[in-house]
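Everything below concerns the one structure shown next.
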Amino acid sequence: MMLAKRRRRRGERRVAAILVRNALLEIRLYAARSELYQGPGPVLEYIRMLADAVHNLPGGVLGGGERGNAWPGEGYHTFYWMWATASPAQKRWLVSQFQEMGYDHTYLDQVGAWPVYTQPATRLSLRRGGMQMPHDVASVKAVDTQTFARLATEAYERGLTGGKRADWLIAHLDPQGTHLVLPKRTDDVFFGAKVDGVWEYRCLLRMFDGAIVVGGLRTERASVDAVPAGLTRREQVRVAALPRGHDRGVYLWGRDHNATEPDCARCASTEQPQQS
Ligand SMILES: [Zn+2]
15 MMLAKRRRRR GERRVAAILV RNALLEIRLY AARSELYQGP GPVLEYIRML ADAVHNLPGG
75 VLGGGERGNA WPGEGYHTFY WMWATASPAQ KRWLVSQFQE MGYDHTYLDQ VGAWPVYTQP
135 ATRLSLRRGG MQMPHDVASV KAVDTQTFAR LATEAYERGL TGGKRADWLI AHLDPQGTHL
195 VLPKRTDDVF FGAKVDGVWE YRCLLRMFDG AIVVGGLRTE RASVDAVPAG LTRREQVRVA
255 ALPRGHDRGV YLWGRDHNAT EPDCARCAST EQPQQS
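First residue of the sequence shown: 15, per the numbering used here; consecutive thereafter.
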């Protein structure tokens, strides 16, 4: 690794630890003494904004979760990602933190838009790294929108989604679409704690505009196992071996969607989740 990159990484690890600590301090304060909060907006929204801003840092930067990342920039991709996907309110908070620490973050703006997030692979490729070892093939499923909606809603009702409802996502799926549900590998990043009988799934979802994006599902294994495969065994193996890259996720799709369709009727009837 180049020296500049190593130096930048050291700096970002230190800054990440301080950001997570300071976010927790504020969250803890306002959770206990909400009357101290001065605004703008409701205190719960502020708390959620802080948690969303830093929640990838422990896994990515501090936990060394950047394995196999072809990030060409200096430092950590996770750190850049935090910056590149931050909302205006999150950026204001981050900038005030950076200034307090005397940390020069201007390089984060010089990277430009990287990487270009693309539709996830739905075909195997012969190029190097174009496939991965199939994993838990029997749990790979192709489901229709109704089935995905049922799984996601059930998961919310059973308290497995961290309080996040799937209504907005469900409303934006292609009603006639087929979606792929792939069990995460044991060394993938999990969003919730490991619980017996509960697993997380990486889903390739077809949206109403034809885009395929990656979304998460955290639910009971038995719920997914009970769903018919919807694929032949050979197709299950193929899907389980699909490469993963800089896949466009639901959050980024939603951001583009808000920009191109600010008056969307589907959005008007459901609440859009924050970054996850
Ligand atoms: Zn919409």
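Quick reminder that beta carbons are idealized off the backbone N, C-alpha and C, glycines included.
G25: member of the alpha helix (DSSP H) spanning 17-46, first to last residue. Secondary structure note for D158: its beta strand (DSSP E) is the uninterrupted segment 155-158. Of V75, Y44, D66, M63, the smallest CA-CA separation from A31 is found for V75. Between the region 154-171 and the region 231-246 there are three or more inter-stretch CB-CB distances shorter than 8 Å, so the stretches are counted as touching.
In the DSSP assignment, V212 falls within the beta strand (DSSP E) that extends over 212-220. At a cut-off of 7 Å, the beta-carbon of E285 does not count as near ligand 1: no heavy atom of the ligand is closer than that. Cβ atoms of A185 and T284 come within 8 Å of each other, at about 5 Å. Not one heavy atom of ligand 1 is found less than 7 Å from the C-beta of C217. Taking every protein chain shown into account, the CB of Y60 has 16 or more other CB atoms within 10 angstroms, so this residue is buried. Counting only heavy atoms of ligand 1, the residues whose C-beta sits closer than 5 Å to one of them are, along the chain, C278, R280, C281.
Taking P72 as the centre and dropping the five residues before and after it, the same chain places the C-beta of V34 closer than 7 Å to its C-beta, in chain order.
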